[in-house]
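S.K.: Dropping the structure in here first, questions after.
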Amino acid sequence: MDIKTMKTQDVKARVYDAIEKAKQLQPKLNAVVTFIDVEEQLEALKQIPNDAPLYGIPVVLKDNVNTKGILTTASSRILSNYIPVYDAAICEKLKANGAIIIAKASMDELGMGGTNLSAYSGPVYNPYDTTRISGGSSGGSAVLCAAGVAPLTIGTDTGDSIRKPAAYNGVIGVKPTYGRISRYGIIPYASSLDHVGYFTTTVADAAAALHVLAGRDDRDMTSGNEPVPAYETLINDDIHGKRIAVIDNIIEAVKEEAIVQSFESLLTKLENRGAVIEHVRLNDELLSVLLPTYFIIANAEATANHSNLDGIRFGVREGGDSVEEVMINSRTKGFSSNIRKRFVIGSYSLFVENQDKLFRKAQKVRRLIVNEVKAVLDQYDMILTTAAPTIAPRPEDSVDEALSDTYLIAENHMIIGNFTGYPCMTMPCGFVSDMPIGIHMMAKPYCEQELFNIGSAIEAETGLKGITAEVKA
Amino acid sequence: MNYETVIGIEIHCELKTKTKMFSGAPVSFGAVANSCVNEIDLGHPGTMPCVNKDAVRLAVMAASALHCEIDPLVKFDRKNYYYSDLPKGFQITQQFHPIGSGGYVEIETDAGKKQIRLNRIHMEEDTAKQFHNEEGTLIDFNRAGTPLVEIVSEADMRSGQEAAAYVEKLRSILNYLGVSDVKMEEGSMRCDVNISLREAGSTEFGVKTEIKNLNSIANISKAVDYEVARQSEILSAGGSIVQETRRFDEASKATVSMRKKEGNVDYKYFPEPNILPIRLDAAWIADIQAHLPELPDQRKARYMSEYGLNDYDASVLVNNRELAEFYDDVCRHTKEYKTAANWTIVELTAALNKSNRKLEDHPCDPKHLADMIQMIKSGAISSKQAKTVFEEILQGKDPQSVVEEKGMKQMSDGDELLKLVNEVLDNNPKSIEDFKNGKDRAVGFLVGQVMKASKGTANPAMTNQLIKQELAKR
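From first to last, the protein sequence lines are chains A and B.
If you count the first sequence from 1, position 268 lands on 262 in this note's numbering, and the numbers rise without skipping.
The number in this note's numbering is simply the position in the second sequence, starting from 1, with 157 added.
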C-alpha cells in the first residue's frame, strides 16, 4: 500500500494495523528487533499539520538509526543494551513531517554483511519464500516494506545494503547521492561509503520520501548544500531522448538466463518509449577488483569507526581486572567472529608497512573506478544494469562477500554506487521462479530526479507499482 | 668522554575557544566533572565531528606568529589507539597535512640569540582526564574534545637553559596572541621534552628519553639538567640508554621511569572520512595575519625605540604581558615613559607581590598612575609624597583627591617659601657662618631644616635655590 492510499484510512487505525501486521509476521520473517510504543508519537502528532507529507504514516527504521530513549542495537551483541541519548537527524525530519516510527528493523551485525544472517536476533526471511534470505544488510527494512507493513522503511547502504535486499524482496530501494541525507546519528559502518536511503513500493513514494529526508545538516560535514526539490511534484515519465548506458560486461557476467531476458525485454520497452539505449564497457580489470578494493576501504574505516565500542561508556560491559581487560573482554564477546575478522583485516591494511600496498592502493583504485564511471555518465543520463544476478538464495547457498568467481562482478557491481557516491535506485522488473528480480540505475550526482522520472516509466511498463508480498502461512 | 645534549620539545596547547574542536559542547576549566559534554565528546555511536572554525582561526594565528608556512587545505586524520581516556578509540589530528610547517622561535640565553626551528604545528582534540583511586578509575570527559595545537620543534636545543628559554618564549608568544591560557600548572600548556646525548662532533642521534609531567618552566630546566647528568653517567660507565618515557618528580627533583617504549607504536593513521578537506579562503588567512596582536619581540623593540627604555626594563615588562599592557595604558596618559616604567616595574610589582594579587583583579587605574607621575614632574608633589599617594592609588583612588585630602600640596609658592627660608636662616646663624667660611655642606643642612619646617612639602629644587640666593644677601 502506498502513502497516498494509506492516507485515506484513519490515522490510529493505520498505525495500529501496521504494528499488528508486523507482530503477526514476526514469527515468519523475524524482521523486527524492537517494537515501539507509539502512544507518545501519536500524541505529538497533534502538533503537526495534517497535510504534512508523512502525517500519521507508519515508518520503520533500520536498527542502526539512533532513537532517543529506544533500544538501538545495530543487531550486535555489544550494543544489545544500548539506549541512545539522542535522535538521528533523520528521526527529527521524519517526526517533523508526521511519520510514526513503529519498529526498529533487523540488519546484518553493524551493517557488515549482505545476507542478514548475522543479526544478533537471528536471520530475516524473504516474504515471497520464507525459506530464502532477505539479503542485507538492511534486510529487516526491505522485508517490512515488501510485506506491506509500512510504505516507507529506512535503510543504509555501504556496499549495496539497500539495493540488494530491495531486489531480493521486490521493492524500490533508493541510495541517494553521498551527502544528500544526513548521516548524523546513524551507527556507521564505513564513513566514506555509508549512505542513508530507504525502501518504498512506488516511485512517487520514493520521490516524496527524498523530499522529506534530504538536505544540508550542519552536524554532518559531508552533507551537501544543494537545494532539495519537491521531487514528487516534478516526476515526468516522458523519457524521450534520454540517453541510457548499459554496461555490457556486467550483464554478461549474469548467469541466470531468465534475469538477462527480463532485463533485455525492459530495454526494448524503454527504447519503444524513445529512450536512447547504448552499450558500453568498463575496464575489466577494474571491475574484477571492485570487491577487494571495497573490502579494504570498508574494513579499514570500520575498525576505527567501531573502536568506540569498548564497554566503557555504553554497551555490554564484560568483567576484567583492568580497564584494558574490560575492553578486550567486551569486544571479544561483543562481536561475532566474522566482525572481529573484518577488524583484523582493516587494521592489517592500515599498518604502516602495509598501507601503501593495501589501504592507499585501494584508495587509488577507487579513484580510477570513479573516473571510469564518471566518463560514462559524462556521455549519458544514466547507467542501467541488472541489480542482483540471482533471485534471493536460500541461507545455505548464500555467499557473503566471498571472492567467488561465479558472481564476482555481477554480484558486486552495485558497490560502484558507493565508491562514486552517485545516486542509485533499484526497482522490481519482473519475477523468476515466483521470486522478484530487479534492475539498477545510477545517475549523475544530485540527479535523483532522473531516477524517479525513468523509474516512473519503468513502473508503467512493468505494472509492478505498489506490489507487496502475501506471506504464506 | 665529552657529550653534546640534544633536545627537541613537543608542546600541546589548549586553544581558547568557547566550544570544543569537533562538538558544540562548552570548553571550561574547573567545571563540575562531566558537565561539559555531549554525545560527540563521549564517542557515542553515530556521532560525527564538525570542525570549530574559531579553533582553525586561532591555529592560523599561532602558525603565522611562529613564521610557519600555512597549508590552506585543512585536512584531518585519525590516530587509532585504545585507551579509556579516548572515547572514540581514535583521536582526530593532522598527521599528514599540518596547518603549519617550518617556522622558528628566536630565543635568547647567556650564549646569545638563537633560532629554534619548528617542524610543524597541527590541530587536534584533547583526551578525557582520568583519576585513579583505590576503587577504580574515574573519568572526567569535560576535557575530551578540547581544541589543541601541538607544536613540534626540531632537535635544536643543546641545554636545559635553552629548553626553558624556548618554552618561555613560545608561551609568551601564544599568550600575546591570546590563543591559549598557556597555564602549565593547569595543563592548558603541556610539554614533552625529548633528550639524548651524543659524542661531541657526532651527527647521529643517541637513544632518547621523553620527559612528561613538567608543570613549570623552572622544572623543565631542572629536569633536563637531571636527565643530562643521568644519561651522561650511564654512558660514561659504558652503559646504554633505554628508550622510555620518564616523568619529573617534583619532590625528589629527579626523572623517574614511567614506561618503556618498544619501538614506535603504529597508530594506523588514515584520513578522517567524515571531514572533507576544507579550503581556507586566502583573504581570510590574510585578514588574520594582518590583524595579529603585537608580539613580545615587537613590543620590546617599541619600548626601546619609542619609549627609550633600556633592554632590561623593556624585557621585564614584556615578559609579563599583563604588566606590559598596564604600562602601555599608563603611557597613553603621560610622556614620562622612563618614570612610568620604574613605577610599574618596581613599585607596582612589589605591591602586587605583597598583596598576592593579580593585576587583572586589582583596582589600580593606569590613568591614576600617569596623573601622579605628571604631578611629580610638575613639582606639585615630591617623590617622597608620591609613595604615599601611590598607596592610595592602589586602593583605586584618584591622586588629585588624595593630595587634597591629605593636604599634601608641595610648597612651590615663592613668597611663602621665601618667608620660611628666612625664618630658618634667622634661627641658624652658625650655618651661615659655616657657609661664609666655605663649607658648602651647610646648604644641605639648611634645606633639610626647611623641609622639616614645611613638614616635607617644600619643593626641594626651589628651596635649594632660595637658600643660596638669601645666603648671598647676608
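By construction, the Cβ of each residue, glycine as well, lies at the ideal position given by its N, Cα and C atoms.
Taking the beta carbon of His300/A as the centre, do at least 16 other beta carbons fall within 10 Å, making it buried, or is it exposed?
M.R.: Taking the first residue of the first sequence as 1, we reach residue 300/A at position 306. By the 10 Å Cβ count, His300/A comes out buried.
S.K.: Where do the N-terminal and C-terminal ends of the alpha helix (DSSP H) with His205/A fall, by residue?
M.R.: The residue labelled residue 205/A in the question sits at position 211 within the first sequence. Looking at the DSSP string, the run of the alpha helix (DSSP H) that includes His205/A is 197 to 207.
S.K.: Per DSSP, what are the beta-bridge partners of Pro52/A in this structure?
M.R.: Here residue 52/A refers to the residue found at position 58 of the first sequence. The partner list for Pro52/A (beta bridge, DSSP) reads Ile94/A.
S.K.: Starting from Asn237/B, find everything on chain A with Cβ-Cβ shorter than 9 Å and list it in chain order.
M.R.: Residue numbering aside, residue 237/B sits at position 80 when the second sequence is read from its first letter. Neighbours of Asn237/B on chain A, chain order: Thr297, Ala298, Ser301, Ser341, Leu344.
S.K.: For the region 60 to 85 of chain A, enumerate the residues whose C-beta is nearer than 8 Å to any C-beta of chain B, in chain order.
M.R.: Those would be Asn60, Thr66, Ala68, Leu73, Tyr76, Pro78, Val79, Tyr80, Ala82, in chain order.
S.K.: Is there at least one Cβ from chain A nearer than 8 Å to Pro244/B's Cβ?
M.R.: Translated into the one-based positions of the second sequence, residue 244/B becomes position 87. With 8 Å as the cut-off, Pro244/B counts as an interface residue toward chain A.
S.K.: Just the Cα atoms here: how many angstroms apart are Gln20/A and Thr384/A?
M.R.: The sequence position of residue 20/A within the first sequence is 26, counting from 1. The sequence position of residue 384/A within the first sequence is 390, counting from 1. Rounded to the nearest angstrom, the two C-alpha atoms are 26 Å apart.
S.K.: Ordered along the chain, which non-local residues of its own chain (more than five positions away) have a Cβ less than 7 Å from that of Asn372/B?
M.R.: Taking the first residue of the second sequence as 1, we reach residue 372/B at position 215. The answer, listed in chain order, is Met341, Glu342.
S.K.: Report yes or no: do three or more beta-carbon pairs, one from the region 206 to 214 of chain A and one from the region 203 to 218 of chain B, lie closer than 8 Å?
M.R.: Short answer: they touch.
S.K.: Note down the Cα distance separating Met532/B from Met218/B, rounded to an integer number of angstroms.
M.R.: What you label residue 532/B is simply residue 375 of the second sequence in a count that begins at 1. What you label residue 218/B is simply residue 61 of the second sequence in a count that begins at 1. Approximately 42 Å, taken between the alpha carbons.
S.K.: At a CB-CB cut-off below 7 Å, which residues of chain B make contact with Ile181/A?
M.R.: The count along the first sequence starts at 1 and reaches residue 181/A at position 187. Per Cβ cutoff of 7 Å: Pro202, Gly203.
S.K.: Nearest chain A C-beta to Val208/B closer than 8 Å, yes or no?
M.R.: Mapped onto the second sequence, residue 208/B falls at position 51. So yes, Val208/B belongs to the interface.
S.K.: Using the Cα positions of Asp350/A and Ala184/A, report the straight-line distance between them to the nearest angstrom.
M.R.: The count along the first sequence starts at 1 and reaches residue 350/A at position 356. The count along the first sequence starts at 1 and reaches residue 184/A at position 190. Each residue's alpha carbon lies about 20 Å from the other.
S.K.: Where DSSP assigns a beta bridge to Thr126/B, which residues make up the other side?
M.R.: Any question about residue 126/B goes unanswered here, given that chain B covers just 158 to 631.
S.K.: Using three-state DSSP, classify His300/A as helix, strand or coil.
M.R.: Walking along the first sequence from the start, residue 300/A turns up at place 306. Three-state DSSP puts His300/A in a helix.
S.K.: Using only CA atoms, which one of Val197/A, Leu378/A, Asn230/A, Ser450/A lies nearest to Ile245/A?
M.R.: For this step, residue 245/A is matched to residue 251 along the first sequence. With distances taken between Cα atoms, Ile245/A lies closest to Leu378/A.
S.K.: List the residues of chain A whose Cβ lies closer than 7 Å to the Cβ of Asp423/B, in chain order.
M.R.: The residue labelled residue 423/B in the question sits at position 266 within the second sequence. What Asp423/B touches in chain A: Phe345, Val346.
S.K.: Looking at the unbroken alpha helix (DSSP H) that takes in Phe337/A, where does it start and where does it end?
M.R.: For the purposes of this step, residue 337/A is taken as residue 343 along the first sequence, with counting starting at 1. Run containing Phe337/A: 331 to 344, per the alpha helix (DSSP H) assignment.
S.K.: Across the region 223 to 240 of chain B and the region 191 to 204 of chain B, are there enough close Cβ pairs to call them in contact, namely three or more that are closer than 8 Å?
M.R.: At 8 Å Cβ cutoff, the stretches do not touch.
S.K.: Quick check on this structure: which residue in Val546/B, Lys286/B, Arg214/B, Asn579/B has the alpha carbon closest to the alpha carbon of Asn621/B?
M.R.: Taking the first residue of the second sequence as position 1, residue 621/B is located at position 464. Per the Cα distances, Asn579/B.
S.K.: Sort out for me which residues DSSP pairs Gln272/B with in a bridge.
M.R.: Within the second sequence, the letter at position 115 stands for residue 272/B. DSSP lists Glu263/B as partners of Gln272/B.
S.K.: Go ahead and pull the three-state DSSP assignment for Pro304/B.
M.R.: Counted from its first residue, the second sequence places residue 304/B at position 147. Three-state DSSP puts Pro304/B in a strand.
S.K.: With 7 Å as the limit, tell me which residues of the region 319 to 331 of chain A have their beta carbon closer than that to any beta carbon of chain B; keep them in chain order.
M.R.: From the region 319 to 331 of chain A, only Met321 have a Cβ closer than 7 Å to chain B.
S.K.: Rounded to the nearest angstrom, what separates Ala38/A and Lys6/A at their Cα positions?
M.R.: Walking along the first sequence from the start, residue 38/A turns up at place 44. Walking along the first sequence from the start, residue 6/A turns up at place 12. Rounded to the nearest angstrom, the two C-alpha atoms are 13 Å apart.
S.K.: Note the first and the last residue of the continuous alpha helix (DSSP H) segment covering Lys576/B.
M.R.: Indexing the second sequence from 1 puts residue 576/B at position 419. 571 to 584 is the span of the alpha helix (DSSP H), which, as asked, contains Lys576/B.
S.K.: Please report the distance separating the alpha-carbon of Gly134/A from that of Ala463/A.
M.R.: Counting from 1 along the first sequence, the entry for residue 134/A is found at position 140. Counting from 1 along the first sequence, the entry for residue 463/A is found at position 469. Computed Cα separation, rounded: 14 Å.
S.K.: Leaving out five residues before and five after Gly363/B in sequence, what residues of the same chain have Cβ atoms less than 6 Å from its Cβ?
M.R.: The sequence position of residue 363/B within the second sequence is 206, counting from 1. Same-chain partners within the cutoff: Ser353, Leu354, Arg355.
S.K.: Looking at chain B, is there any beta carbon in it that lies within less than 8 Å of the beta carbon of Asp468/A?
M.R.: The requested residue 468/A is not part of the displayed model; chain A covers only -5 to 467.
S.K.: Give a yes or no on whether 8 Å exceeds the smallest Cβ distance from Arg307/A to chain B.
M.R.: Residue mapping note: residue 307/A aligns to position 313 of the first sequence, counting from 1. Answer yes: the Cβ-Cβ gap between Arg307/A and chain B drops below 8 Å somewhere.
S.K.: Is it the case that the region 304 to 321 of chain A contacts the region 235 to 248 of chain B, given that we only count it when at least three CB pairs across the two stretches are under 8 Å?
M.R.: Contact between the region 235 to 248 of chain B and the region 304 to 321 of chain A is present, because at least three Cβ pairs lie under 8 Å.
S.K.: Quick one, which residues of the region 215 to 247 of chain A are near chain B if we go by CB-CB under 7 Å, in chain order?
M.R.: Answer in chain order: Met215, Thr216.
S.K.: Going along the chain, which residues of its own chain have a beta-carbon closer than 6 Å to the beta-carbon of Ser115/A, five neighbours each way excluded?
M.R.: Counting from 1 along the first sequence, the entry for residue 115/A is found at position 121. Excluding residues within five positions, the ones whose Cβ falls inside 6 Å are Val27, Ser100.
S.K.: Determine the chain A residues that contact Glu196/B at a beta-carbon separation under 7 Å, and present them in chain order.
M.R.: In the second sequence, counting from the first residue as 1, residue 196/B sits at position 39. The contacting residues are Val79, Tyr80.
S.K.: Determine, using beta carbons only, whether Asp212/A comes closer than 8 Å to chain B.
M.R.: What you label residue 212/A is simply residue 218 of the first sequence in a count that begins at 1. Cβ-Cβ to chain B under 8 Å: yes for Asp212/A.
S.K.: Beta-carbon of Phe353/A versus every beta-carbon of chain B: anything under 8 Å?
M.R.: In the first sequence, residue 353/A corresponds to position 359, counting from 1. So yes, Phe353/A belongs to the interface.
S.K.: For Lys438/A, which residues in the same chain have their Cβ closer than 7 Å to its Cβ, ignoring the five residues on either side in sequence?
M.R.: Here residue 438/A is taken as the residue at index 444 of the first sequence, counted from 1. So the qualifying residues of the chain are Leu371, Tyr416.
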